[in-house]
Every structure is written in structure tokens, then in C-alpha cells.
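J.: Residue numbers (my numbering): 84 to 440. Idealized CB from N, CA, C, for every residue including glycine. Structure in C-alpha cells, see below.
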Ligand code: FA5
């Protein structure tokens with residue numbers, strides 16, 4: 084079996100499930116669905132188990148984990164629907180099938196926020212109790228804010244037209260490549276008030292653009308949530324504590340994360356934070372590129388040049404900053420093996436994304 088066939092097999096059955104479930108209006112129908120999806124013989128689950136048996140040894144772990152997650156999801160959803168239908172049946176019996184004017188009218192289907200926006204809201208909720216407010220910046224950004232104010236040298240490769248979308252007719256204007264320019268804008272605006280406020284802390288969520296090749300973990304348009312704190316005597320321990328708190332709030336107390344040293348011109352020292360791949364449990368799969376870890380964010384202590392650019396004295400003030408990849412976090416929290424699902428907006432997929440808020 085080709086590795087590229089695996090997700091198709093799995094995802095086809097997964098995609099059909101919400102429609103099939105919605106079509107079950109009574110317990111008999113639900114039992115038939117149960118048989119078709121998780122019955123012992125001839126069901127989708129049985130077919131997937133056959134696929135697993137036939138899979139080459141090195142794919143078994145990854146495939147097995149994906150199939151198990153899917154079976155559990157089917158089982159739990161069917162069970163929940165069964166309880167709903169049984170309760171409805173009991174209610175109908177208790178009423179002796181007479182017309183009940185108190186019964187709620189059927190409601191039309193309602194729209195809801197996109198899962199990525201719900202995750203951004205959740206991130207904001209995680210940081211709000213720590214005193215962070217929300218800042219915004221434009222997606223069409225100046226080179227000065229996107230690069231210069233962030234201590235990114237003129238010959239840095241990220242500035243090249245191979246990596247960055249420039250507006251041909253507007254020299255100096257580009258689609259921002261990260262949410263870090265909001266650091267520059269916010270520092271410039273708040274610098275005159277920093278003393279009276281005793282520091283600065285904010286989040287900045289938004290879309291960013293890069294000429295990246297599309298693959299399961301990369302897209303040319305994606306979302307980041309920037310975070311920044313400036314105060315007195317801010318150190319790496321504050322950054323680590325804050326990010327560990329946020330990651331545990333998102334992934335649960337057992338979240339396995341690691342900090343790796345890394346380089347960004349606007350921080351010193353810099354680091355990246357990875358989460359142990361929830362899709363394979365760390366044994367290595369296509370999503371984590373066999374490494375067992377998935378990178379979620381870049382971070383570090385704010386470079387003195389960034390503070391100085393905004394007119395803040397780095398002798399007196401210090402800070403940390405981080406930039407989180409929203410799609411990556413959404414993928415890892417919901418165990419979705421490809422970020423393209425978040426952009427295709429298939430309603431059946433979106434409806435399975437309940438766990439992000
Ligand atoms: C940055 O963008 C830095 N601005 C982050 C930062 C902020 C560092 C503040 C220090 C201080 P990086 O290029 O690594 O760093 O991107 C940050 C995160 O965005 C990555 O960890 C990843 O989760 C996500 N990401 C990067 N490229 C893509 C892409 N093409 N598609 C989806 N997510 C991506």
C-alpha cells in the first residue's frame with residue numbers, strides 16, 4: 084500500500100460520517116449506522132483493520148493510531164446520539180404521543196465561527212488573565228515595520244522576493260511575513276506611556292503570508308498569534324513559565340513540550356517550542372517528518388535594538404516575545420493530519436472541530 088493512500092482511505096470514511104449520522108432519525112437507523120461503521124464484520128472499521136493488517140510494518144504504528152482515534156470518535160459520537168434518541172423516545176412515550184405545545188420548534192441550522200478563529204479566541208482567553216490585551220496591525224505592511232524595526236539586516240534572505248510577497252506598484256510595501264511587525268507598531272505607540280503603565284504586554288493575532296511550498300504543515304497564508312511582554316528584569320524563565328502555562332492550557336496538563344535554542348534577529352537568546360506529535364505519540368510520522376516533534380512557535384528575549392528602535396531604553400527595560408503558528412496548534416489540538424483541511428472549509432470537516440474552543 085502506498086503511504087499516500089492512507090489518509091484518503093481514512094478521511095473518506097471520516098468525511099461521510101457526520102452526514103450519515105445526521106440522516107439517522109431513529110434508533111433503528113442509528114443501529115444500522117453503527118453496524119456499517121463499527122460492526123464486527125463488513126464495517127468501515129473492519130475494512131480499516133484489514134488495511135492495517137496489510138500495511139507495511141513501518142506504517143503500522145501511524146496508521147494504527149489514526150484508525151484508533153477514528154474508531155473512538157465514531158463510537159463516542161454514536162453513543163451520544165443513541166442517548167439523545169433514547170431520551171427523545173422516552174419523552175414521546177411519557178407524553179403519550181399527544182401534541183405538546185411546549186416542545187421547542189425545530190431550529191434552522193446555525194452558522195458558527197471558523198475553528199481557527201475559535202482557537203484564536205481561546206488563545207486570547209488563555210492570556211487575558213495574565214494581563215495581555217489584543218493589538219492589531221495591517222496585513223499590507225511596510226518593510227520598516229516588518230524588517231527594519233525588528234533588527235533584520237538588509238541582506239537577510241527572508242527579505243528576498245523568493246520568500247516575501249512584495250507589492251510591485253508600491254515600493255516598500257509587502258504582505259507581512261509574520262505578526263512581529265505589530266511588536267514594532269505597538270512599542271512605538273506605547274513607548275511614551277511605558278513608565279506610567281509599568282510595562283507593556285499584548286497579543287497580536289492575524290494572517291501572515293510567505294512564499295512557502297504547500298505541504299501538510301505549511302501554507303503560503305497562515306495565522307500567527309504574537310505575544311510580547313516588556314518590563315523590568317524580564318528573563319528566559321518568565322518566557323518559559325508563560326509558554327509552558329499556555330501550552331498546558333491548550334494541550335492539557337500532560338502536554339509534552341520542549342524548548343530548543345534557535346535564531347531570530349529580533350530576539351537574543353532565541354528559541355523554538357515543539358510539542359510531541361499527538362498524531363503518532365512521538366514514534367515518527369508524515370506530519371512530524373519522522374522526528375516525533377512538531378514546531379509550534381518561535382520566541383526569545385527582545386533584542387535591545389528592537390527596544391531602542393521604538394525609543395525604549397534597553398538599559399532599563401527588557402522583555403520577551405513569541406510568535407505562535409495557529410494552524411499548527413489547531414492541527415495538534417484536534418489531531419488533524421493536514422492544515423489544508425482548515426482552508427478547504429468542507430462543512431463536514433468543520434463540524435467535527437468541536438474541541439478547539
Ligand atoms: C516567526 O515568524 C517569528 N516572527 C516568531 C517569533 C516571534 C520569534 C517573536 C521570536 C519572537 P517562524 O518563521 O518560525 O517565526 O514562524 C513561527 C511559527 O509559525 C512556526 O513555529 C510555525 O508554527 C508557524 N509557521 C511558519 N511557517 C508556516 C507556514 N508556511 N504554514 C503554517 N505555519 C507556519
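Check whether the Cβ of residue 263 sits closer than 6 angstroms to any heavy atom of the ligand FA5, and report yes or no.
T.: For the ligand FA5, at least one heavy atom lies less than 6 angstroms from the Cβ of residue 263.
J.: May I ask you to check if the CB of residue 379 is nearer than 6 angstroms to at least one heavy atom of the ligand FA5?
T.: Yes - the ligand FA5 has a heavy atom lying nearer than 6 angstroms to the Cβ of residue 379.
J.: Please state whether DSSP places residue 457 in a helix, a strand or coil.
T.: It is not possible to answer for residue 457, since the shown part of the chain is limited to 84 through 440.
J.: Nearest to residue 257 by CA position, among 274, 287, 221, 421, is which residue?
T.: Out of 274, 287, 221, 421, 221 has the C-alpha closest to the C-alpha of residue 257.
J.: So who's on the other strand from residue 288, going by DSSP bridges?
T.: Note: residue 288 sits in a beta bridge opposite 308.
J.: Suppose you measure from the CA of residue 179 to the CA of residue 169; what does that come to, to the nearest Å?
T.: Between residue 179 and residue 169, the C-alpha separation is close to 15 angstroms.
J.: Is DSSP giving residue 186 helix, strand or coil here?
T.: Residue 186 falls in the coil class under three-state DSSP.
J.: CA-CA distance, residue 114 and residue 430?
T.: Spanning the two alpha carbons is a distance of roughly 24 angstroms.
J.: Looking at the secondary structure, which residues open and close the beta strand (DSSP E) in which residue 264 lies?
T.: Note, residue 264: premise wrong, no beta strand (DSSP E); alpha helix (DSSP H) at 264–273.
J.: Taking only three categories from DSSP, how would you classify residue 329?
T.: Helix.
J.: List the endpoints of the continuous alpha helix (DSSP H) containing residue 112.
T.: First-last of the alpha helix (DSSP H) with residue 112: 110–121.
J.: To which residues does DSSP link residue 344 through a beta bridge?
T.: According to DSSP, residue 344 bridges with 354.
J.: Counting only the same chain and skipping the five closest in sequence on each side, list residues whose C-beta sits under 7 angstroms from that of residue 102.
T.: Excluding sequence neighbours, residue 102 sits near 431.
J.: In terms of residue numbering, what span does the beta strand (DSSP E) encompassing residue 401 cover?
T.: Counting along the chain, the beta strand (DSSP E) containing residue 401 begins and ends at 401–408.
J.: Whole angstroms is fine: what's the gap from residue 121's alpha carbon to residue 110's?
T.: One C-alpha to the other measures close to 16 angstroms.
J.: Tell me the rounded alpha-carbon separation between residue 375 and residue 360.
T.: If you take the alpha carbons of residue 375 and residue 360, they lie about 5 angstroms apart.
J.: In its own chain, which residues sit with a C-beta less than 6 angstroms from the C-beta of residue 85, not counting the 5 before and 5 after it?
T.: Caution is warranted here: a pLDDT of 38 is assigned to residue 85, below 50, making its placement in the model unreliable, and the coordinate value is therefore given only provisionally. Hits under 6 angstroms: none found.
J.: Could you pull out every residue in the same chain whose Cβ sits closer than 8 angstroms to the Cβ of residue 418, ignoring the five residues on either side in sequence?
T.: Same-chain partners within the cutoff: 152, 361, 362.
J.: Can you name, in chain order, every residue of its own chain whose Cβ lies under 8 angstroms from the Cβ of residue 262, other than the five neighbours on each side?
T.: The answer, listed in chain order, is 220, 287, 288, 289, 291, 307, 308, 309, 406.
J.: Can you give me the C-alpha to C-alpha distance between residue 194 and residue 312, rounded to a whole angstrom?
T.: For residue 194 and residue 312, the distance between alpha carbons rounds to 36 angstroms.
J.: So, helix, strand or coil for residue 158, using DSSP?
T.: Three-state DSSP puts residue 158 in a helix.
J.: Pull up the CB-CB distance for residue 317 and residue 349, whole angstroms please, since I reckon it's below 8 angstroms.
T.: Contact doesn't hold; Cβ gap of about 15 angstroms is too wide.
J.: At a cut-off of 6 angstroms, is residue 302 close to the ligand FA5 when judged by its beta-carbon and the heavy atoms of the ligand?
T.: Yes.
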